[in-house]
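Student: The listed protein sequences derive, respectively, from chains R and B. Numbering-wise (the numbering used here), the first sequence opens with residue 221 and increments by one. Numbering-wise (the numbering used here), the second sequence opens with residue 3 and increments by one.
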Amino acid sequence: MLSPDILFAAVLNGLMTGAIYALVALGLTLIYGVLHIINFAHGALLTAAMFAAFFAHRLLGLDPYVAAVFIAPLFFLFGYGLQRFIIGPAAHGDDRNILLVTLGLAVIIENALLYAFRADTRTINLPYAFDVVEVGSAFVALPRIVAFIAVFAVALGLWLIMRWSDTGKAIRAVAKEKLGAELAGIEVAHVYAVTFGLGTACVAIAACLLIPSYYVNPHAGNAFVLIAFTIVVLGGMGSVAGALIGGLFVGVVESLSGYYLGESLGQISIFVMFILVLLFRPRGLFGERA
Amino acid sequence: MPRQFLPVSRRQLLQSTALGAAATVASALSAPAVLRAQAAPVKIGVLHPVSGALSYSGQQGRIGATMAIDEINSAGGLKALGGAKIEPMLGDAQSTPEGGNAEVEKMNAASVAAIVGGYASSICLSASQTAARYDLPYIVDVGVVDSIVSRGLKNTFRFGPGFGVIAKTALDNLVILNDQAGKPAKTVVIVHEDSAFGSGLAKLLNTQLPERGFQILEAIPHPTPTRDFNNVVLKIRAQNPDLVIPANYYDEYVLLARTMQQQRVRPKGIYSVLGGAASSYKFVKEFPNAAQYIMDCNHWFDPKNPKALALKKKIEEKNEFYTYEVYMNYSCMLLLADAIERAAGTDRAKIIAALGDSTFAGHAMPYGPTRFVDGQNQGAAPVNTQVLNNDIQVIFPASFASAKPVFPMPRA
Chain R
221 MLSPDILFAA VLNGLMTGAI YALVALGLTL IYGVLHIINF AHGALLTAAM FAAFFAHRLL
281 GLDPYVAAVF IAPLFFLFGY GLQRFIIGPA AHGDDRNILL VTLGLAVIIE NALLYAFRAD
341 TRTINLPYAF DVVEVGSAFV ALPRIVAFIA VFAVALGLWL IMRWSDTGKA IRAVAKEKLG
401 AELAGIEVAH VYAVTFGLGT ACVAIAACLL IPSYYVNPHA GNAFVLIAFT IVVLGGMGSV
461 AGALIGGLFV GVVESLSGYY LGESLGQISI FVMFILVLLF RPRGLFGERA
Chain B
3 MPRQFLPVSR RQLLQSTALG AAATVASALS APAVLRAQAA PVKIGVLHPV SGALSYSGQQ
63 GRIGATMAID EINSAGGLKA LGGAKIEPML GDAQSTPEGG NAEVEKMNAA SVAAIVGGYA
123 SSICLSASQT AARYDLPYIV DVGVVDSIVS RGLKNTFRFG PGFGVIAKTA LDNLVILNDQ
183 AGKPAKTVVI VHEDSAFGSG LAKLLNTQLP ERGFQILEAI PHPTPTRDFN NVVLKIRAQN
243 PDLVIPANYY DEYVLLARTM QQQRVRPKGI YSVLGGAASS YKFVKEFPNA AQYIMDCNHW
303 FDPKNPKALA LKKKIEEKNE FYTYEVYMNY SCMLLLADAI ERAAGTDRAK IIAALGDSTF
363 AGHAMPYGPT RFVDGQNQGA APVNTQVLNN DIQVIFPASF ASAKPVFPMP RA
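1) What are the complete alpha helix (DSSP H) segments, minimum 4 residues, inside the stretch 81–151 of chain B?
2) Quick one: using the 10 Å Cβ neighbour count with 16 as the cut-off for buried, is G327 of chain R buried or exposed?
3) Between the stretch 393–411 of chain B and chain R, which residues of the former have a C-beta closer than 7 Å to a C-beta of the latter?
4) Can you tell me whether F491 of chain R is buried or exposed? The criterion is at least 16 other CB atoms within 10 Å of its CB, across all chains shown.
5) To the nearest angstrom, report how far apart P438 of chain R and A268 of chain R are at their CA atoms.
6) What's the call for G102 of chain B, buried or exposed, on a 16-neighbour Cβ count within 10 Å?
7) Closer than 7 Å, Cβ to Cβ, to anything on chain B: give me those residues from the stretch 345–369 of chain R, in chain order.
8) Quick one: what does DSSP say R160 of chain B is sitting in, helix, strand or coil?
9) So who's on the other strand from E195 of chain B, going by DSSP bridges?
10) Would you check if the distance between the CB atom of P407 of chain B and the CB atom of I397 of chain B is smaller than 9 Å?
11) Within its chain, find whatever has a CB closer than 6 Å to the CB of G2 of chain B; leave out the 5 residues flanking it on each side and keep chain order.
12) Quick check on DSSP: helix, strand or coil for I240 of chain R?
13) Name the one or two DSSP bridge partners that N386 of chain B has.
14) Measure the Cβ-Cβ separation of H365 of chain B and L337 of chain B and say whether it is below 9 Å.
15) Quick test of your reading: R342 of chain R and F274 of chain R, contact by CB under 8 Å. State the CB separation rounded to the nearest angstrom.
16) In angstroms with no decimal places, state the Cα-to-Cα distance between A292 of chain B and N242 of chain B.
17) In chain R, what lies closer than 7 Å to V234 of chain B by C-beta?
18) Would you identify the three-state DSSP class for N259 of chain R, choosing helix, strand or coil?
19) Count the other CB atoms within 10 Å of the CB of I226 of chain R; is the residue buried (16 or more) or exposed (fewer)?
20) What are the residues of the stretch 309–343 of chain R that lie near chain B, defined by any Cβ-Cβ distance shorter than 9 Å?
21) Of all the residues that make up the stretch 221–250 of chain B, which are near chain R by a beta-carbon distance shorter than 8 Å?
22) Below 7 Å CB to CB, which residues in the same chain sit around R239 of chain B once its five sequence neighbours on both sides are set aside?
23) Checking 9 Å against the spacing of the C-beta atoms, do A463 of chain R and F444 of chain R come in under that value?
24) Tell me where the alpha helix (DSSP H) around S360 of chain B begins and ends.
25) Is G234 of chain R buried or exposed, if buried means 16 or more other CB atoms sit within 10 Å of its CB?
26) Give the straight-line distance between the Cα atoms of P223 of chain B and G78 of chain B, rounded to the nearest whole angstrom.
27) What is the rounded straight-line gap between the Cα of F494 of chain R and the Cα of V254 of chain R?
28) Mapping DSSP to helix, strand and coil, what is R413 of chain B?
29) Between I226 of chain R and chain B, is the shortest Cβ-Cβ distance under 9 Å, so that the two count as touching?
30) For Y369 of chain B, which of helix, strand or coil comes out of DSSP?
31) Do T387 of chain R and F295 of chain R count as a contact pair if the criterion is CB distance below 9 Å?
Take a look at the structure:
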């Protein structure tokens, strides 16, 4: 059973899937790192973005990779608006409220999608969806390789923004010391909204990378978000590197356990890991001590 | 109690009820005249999973059933009921047994005469059970699990074949196929979906394949829906079997075949038993390379029956695919209409009795005249097909085979 060829292929598959997980987790961890809230609407936003990518292809004939260029800024604005005009004002400065507001948003978005598009599972067929690239002894589907590279490009871009741009500096300042940042003249509500927008844009890009090889229905995003939560906990709340490495790691674990335990049981190990991390290393691999 | 609270006196009440009764009698007396002019339509429940994971098959089934209804209606409706039209009540089981149950409740409340459909075994099992509570006749269109007809439900009839018959036919023909080719195949991997249909079939194959000299290397279950078959295909590659036997629904079947093609896993044969897509014109048209040489033992229309061929032409003219869901549902609806004609009404017990003595032969399947024993049509049998040169050919039974099987698969 343990032939190195098969093992190599399974690990490679896991890395490819893991990259997408990492991107979803990246958005989640960014929002957590700055706003200190768990965004429960993350999955619903992913689903919404998948529908956007689906209809961009179905109605406008846009390739999902091209559509990402439009959908990401659109979802940035959407996320910005959500935080600036709904989540922020509704929270009245109480973190518990934010939690409930995002949960409420998730329910609203999901059911709106369900109402508009029904429970049907939809897929798009792209001519290159089943093209393969030979990597050593394994064959990897082209969309997965594209996704893998794109995720690293997005992570790098995000890192550059956070490290060098004024906005990035402001975001980091707010994350570290909210009151101090406010005293220094940074508009906290704006920074919060920008962060939420960036997190939502990450999810939108993930959706465009997913749609060539995945399907969309009004609950499609949930599967990813549960895993993304695990990754955020594993990598450390608020850590970008943690999300990236955690994502790849979870992808490989899922692939290997799917291979050895069967498709029906494949995800068990992810959640076992989740519980173990919470028990023995609650701050995660790269998380700062609380 | 003061009188003003009862403004209607006893006498007035008696008068008015007597008048009411007279009116009712009068209208009942005039009813036959009304009926002759315009017979009340007969409602029939058409239940399919038209949304969710099985939506493609469900929609195909609905096309077949409604097509039969349209034909009956345009040919003058149900003759024995004064030309009454059939009014379909379309239901969506949403690809779950609970969804199916909810629709049966609704249909019963709307007083349908009978229900046709269900498609998936798990939906048929629960929907027919719910219908049984109301003595509501239920014709299973496809659902192959044998417990559907072995529960002693008087209302449930299955027109098509069940697992037992299908697996036996499939295995008999597999042995013939393998013997004819000089026994190249010895080892098997089964890939099956994990609900009633797939696991039931896998269990059956697990006991019967070894008895016929095949070794099962592994049985790989997967849920419906599954959107990534890389792991499954890796397992197949690791086992390197002579034969792969898939038993799953349409979407998963297509994905599995395409992933096998993508990963260049080519066993000596892909021999499906009730493969969701293996004998589907849609699959062959959309992915001819992945479909080439795939064999299947599945429901298939009678290629010598003019009715089946006329339907095929009609469906293709509508730019739809002539899949088994279409002609199975078409046939079931005709079967039901025939029973309602003989029952001469919509009394549920009479329809059930009429279905029980049915000898209906005007369907599109190679089953001969219908004969139900405990709700199972005795003549129902599957057919073996193979995808050859972008078309689907019948390879067994010999009586109407249109091509010789190509086995083992030529190396590309």
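Using N, Cα and C, we set each Cβ at its ideal position, and we do this for glycine too. As the structure is a computational prediction, the values presented were derived from the model and not from experiment.
Tutor: In short, the structure shows the following:
1) Residue ranges of uninterrupted alpha helix (DSSP H) with 4 or more members, entirely inside the stretch 81–151 of chain B and ordered along the chain, are 99–111 and 123–135.
2) Counting from one through the first sequence, the residue named residue 327 of chain R turns up at place 107. It is Val, not Gly, that sits at residue 327 of chain R in the sequence shown. V327 of chain R counts as exposed, since fewer than 16 other C-beta atoms from the protein chains shown sit within 10 angstroms of its C-beta.
3) Residues of the stretch 393–411 of chain B with a C-beta atom less than 7 Å from some C-beta of chain R do not occur.
4) Position 271 of the first sequence, counting from 1, holds the residue named residue 491 of chain R. By the Cβ neighbour-count rule, F491 of chain R is exposed, with fewer than 16 other Cβ atoms within 10 Å of its own.
5) For the purposes of this step, residue 438 of chain R is taken as residue 218 along the first sequence, with counting starting at 1. For the purposes of this step, residue 268 of chain R is taken as residue 48 along the first sequence, with counting starting at 1. P438 of chain R and A268 of chain R: Cα-Cα distance of roughly 8 Å.
6) For the purposes of this step, residue 102 of chain B is taken as the residue at position 100 of the second sequence. Classification for G102 of chain B: buried.
7) Against chain B - using a Cβ distance shorter than 7 Å - the residues of the stretch 345–369 of chain R are F350, V352, F359 and A361.
8) Against the second sequence, residue 160 of chain B aligns to sequence position 158. Strand.
9) Within the second sequence, numbered from 1, the residue matching residue 195 of chain B stands at position 193. Answer is B:H224, bridged to E195 of chain B.
10) One-based indexing of the second sequence puts residue 407 of chain B at position 405. One-based indexing of the second sequence puts residue 397 of chain B at position 395. Taking 9 Å as the Cβ cut-off, P407 of chain B and I397 of chain B qualify as a contacting pair.
11) Nothing can be reported for residue 2 of chain B: it is not among the residues displayed for chain B, which extend from 3 to 414.
12) Here residue 240 of chain R corresponds to residue number 20 of the first sequence, with the count starting at 1. Three-state DSSP puts I240 of chain R in a helix.
13) Residue 386 of chain B sits at position 384 when you count from the first residue of the second sequence. In DSSP, N386 of chain B forms a bridge with B:C299 and B:F398.
14) Against the second sequence, residue 365 of chain B aligns to sequence position 363. Against the second sequence, residue 337 of chain B aligns to sequence position 335. Result yes, Cβ atoms of H365 of chain B and L337 of chain B sit closer than 9 Å.
15) Within the first sequence, residue 342 of chain R is the residue found at index 122, counting from 1. Within the first sequence, residue 274 of chain R is the residue found at index 54, counting from 1. With a beta-carbon spacing of about 6 Å, R342 of chain R and F274 of chain R fall inside the 8 Å limit used to define contacts.
16) Against the second sequence, residue 292 of chain B aligns to sequence position 290. Against the second sequence, residue 242 of chain B aligns to sequence position 240. So the two alpha carbons sit approximately 18 Å from each other.
17) Within the second sequence, residue 234 of chain B is the residue found at index 232, counting from 1. The contacting residues are E483.
18) Looking up residue 259 of chain R in the first sequence gives position 39. Correct three-state label for N259 of chain R: coil.
19) On the first sequence, position 6 is the one that residue 226 of chain R refers to. Its Cβ being crowded by 16 or more others within 10 Å, I226 of chain R is buried.
20) Within the stretch 309–343 of chain R, the qualifying residues are R338, A339, D340, T341 and T343.
21) The residues in question are I222, P223, H224, P225, P227, T228, R229, D230, N232, N233, V234, L236, K237, R239 and A240.
22) For the purposes of this step, residue 239 of chain B is taken as residue 237 along the second sequence, with counting starting at 1. The answer, listed in chain order, is Q265 and V267.
23) To locate residue 463 of chain R, count along the first sequence from 1; it is residue 243. To locate residue 444 of chain R, count along the first sequence from 1; it is residue 224. Contact flag unset, no.
24) Against the second sequence, residue 360 of chain B aligns to sequence position 358. Counted as a single uninterrupted DSSP element, the stretch harbouring S360 of chain B is not any alpha helix (DSSP H), since DSSP gives it neither H nor E.
25) Sequence index remark: in the first sequence, residue 234 of chain R carries index 14 (1-based). The residue in question, G234 of chain R, is buried, as its Cβ has 16 or more Cβ neighbours within 10 Å.
26) The residue you call residue 223 of chain B lines up with position 221 of the second sequence. The residue you call residue 78 of chain B lines up with position 76 of the second sequence. In a straight line, the C-alpha of P223 of chain B is about 49 Å away from that of G78 of chain B.
27) The count along the first sequence starts at 1 and reaches residue 494 of chain R at position 274. The count along the first sequence starts at 1 and reaches residue 254 of chain R at position 34. Taking the straight line joining both Cα atoms gives about 23 Å.
28) Walking along the second sequence from the start, residue 413 of chain B turns up at place 411. Correct three-state label for R413 of chain B: coil.
29) One-based indexing of the first sequence puts residue 226 of chain R at position 6. Any Cβ of chain B closer than 9 Å to the Cβ of I226 of chain R would place that residue at the interface, and such an atom is present.
30) Within the second sequence, residue 369 of chain B is the residue found at index 367, counting from 1. For Y369 of chain B, the three-state secondary structure derived from DSSP is coil.
31) On the first sequence, position 75 is the one that residue 295 of chain R refers to. On the first sequence, position 167 is the one that residue 387 of chain R refers to. At least 9 Å separates the beta-carbon of F295 of chain R from that of T387 of chain R.
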